[in-house]
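Have a look at the structure below before the remarks.
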Amino acid sequence: MHSIEIEVKTHFIASHSDASSGEYTFAYTITITNRSETPVQLLKRAWKITDADHKITRVAGDGVVGEQPHIAPGESYSYTSGTVLATPIGTMEGFYTMVDGNGTAFDVEIPSFRLAIPNIIH
Numbered sequence: 001m002h003s004i005e006i007e008v009k010t011h012f013i014a015s016h017s018d019a020s021s022g023e024y025t026f027a028y029t030i031t032i033t034n035r036s037e038t039p040v041q042l043l044k045r046a047w048k049i050t051d052a053d054h055k056i057t058r059v060a061g062d063g064v065v066g067e068q069p070h071i072a073p074g075e076s077y078s079y080t081s082g083t084v085l086a087t088p089i090g091t092m093e094g095f096y097t098m099v100d101g102n103g104t105a106f107d108v109e110i111p112s113f114r115l116a117i118p119n120i121i122h
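Quick note: the sequence shown, position 74, residue 74 per UniProt numbering, numbers continuous.
Laid out in structure tokens, this is it:
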């Protein structure tokens with residue numbers, strides 16, 4: 001059984017955003033912790049990014065931030081990336097495709113998380 005924990009922290013980047021142009025820039029830091037008894041490697045990612053106007057952007061590719069990290073049992077791997085939305089609020093969700101030490105591929109769900117400028121939701 002694969003036990004992979006995903007933790008997400010988001011941050012609005014005002015200095016790289018321009019509301020008048022409909023560009024809201026967000027950073028997200030994801031920590032992936034391997035709670036399994038076997039090492040794993042992250043091979044691919046797939047994202048569904050949805051803005052407040054229900055516009056969906058799909059992003060998929062090899063690895064994350066140019067890496068395909070190996071994560072030993074009990075270890076964590078963190079990375080920071082970003083996205084630009086046309087609205088001040090949106091969501092991201094998706095999955096990672098990983099392979100375990102036995103060569104078995106499996107997907108790990110990335111639960112939906114919110115991107116929002118500060119104080120937009122009360």
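The beta carbon of each residue, even a glycine, is placed where N, CA and C say it ideally should be.
ask   = Is the segment 18 to 25 in contact with the segment 37 to 48, if contact means three or more CB pairs nearer than 8 Å?
value = The count of Cβ pairs closer than 8 Å, one atom from the segment 18 to 25 and one from the segment 37 to 48, stays below three, leaving the stretches out of contact.
inquiry  = I need the DSSP call for alanine 105, collapsed to helix, strand or coil.
reply    = The answer is strand: DSSP assigns alanine 105 an E or B state.
request  = Classify valine 40 as buried or exposed, calling it buried when 16 or more other Cβ atoms lie within 10 Å of its own Cβ.
outcome  = Around the beta carbon of valine 40, 16 or more other beta carbons sit within 10 angstroms, so the residue counts as buried.
ask   = Of the choices Gly94, Ile110, His70 and Ile30, whose alpha-carbon is the least far from that of threonine 57?
value = When each option's Cα is compared against that of threonine 57, the closest is Gly94.
query = Mind checking if aspartate 62 is an interface residue toward chain D, Cβ cutoff 9 Å exclusive?
reply = Protein chain content of the structure displayed is limited to a single chain, and chain D is not contained in it.
query = By how many angstroms is the C-alpha of serine 20 removed from the C-alpha of methionine 110?
reply = According to the sequence as given, residue 110 is isoleucine; it is not methionine. Each residue's Cα considered, the two are about 31 Å apart.
ask   = Contact check, valine 65 vs tyrosine 77 under 8 Å by CB: the rounded distance?
value = Between valine 65 and tyrosine 77 a beta carbon distance of about 10 Å is seen, past the 8 Å cut, so the two are scored as non-contacting.
request  = Starting from the C-beta of glutamine 68, find all residues in its chain whose C-beta is less than 8 Å away, skip the five residues before and the five after it, and write them out in chain order.
outcome  = Apart from sequence neighbours up to five positions away, the residues of its chain that approach glutamine 68 with a beta-carbon distance below 8 Å are Gln41, Leu42, Leu43 and Asp62, ordered along the chain.
request  = Flag this pair as yes or no: are the beta carbons of isoleucine 49 and valine 108 separated by less than 9 Å?
outcome  = In this structure, the beta-carbon distance from isoleucine 49 to valine 108 does not fall below 9 Å.
inquiry  = Relative to the C-alpha of proline 118, which candidate in Ile13, Leu85 and Ser3 has its C-alpha closest?
reply    = Cα-wise, what sits closest to proline 118 is Ile13.
query = To the nearest angstrom, how far is it from the Cα of glycine 101 to the Cα of asparagine 34?
reply = It is roughly 12 Å from the alpha-carbon of glycine 101 to the alpha-carbon of asparagine 34.
message = Let's see if you can read the secondary structure: which residues bound the beta strand (DSSP E) around threonine 87?
response = Counting along the chain, no beta strand (DSSP E) covers threonine 87, and no H or E run does either.
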